[in-house]
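Numbering (the working numbering), first residue to last: 562 to 613.
Backbone N, C-alpha and C define an ideal beta-carbon position, used for all residues, glycine too.
Notes to accompany the following structure.
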């Protein structure tokens, strides 16, 4: 009986860890997307300044 409880807890904890890691990578991707967007805006403004 104890082995099934321990194995169930192990599987649940492992599943939670996988979900947390996936959530972290999703957040870091969105941060990278925002960073790329800001970089594009800065390059656009630099081009506008260089034209004048």
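- A straight line joining the alpha-carbon of residue 610 with that of residue 600 spans about 15 Å.
- Fully enclosed beta strand (DSSP E) runs of no fewer than 3 residues are not present anywhere in the segment 564-591.
- Residues of the same chain with a CB within less than 7 Å of the CB of residue 591, apart from the 5 flanking positions on each side, do not exist.
- Linking residue 569 to residue 563 through their CA atoms gives a straight-line distance of about 10 Å.
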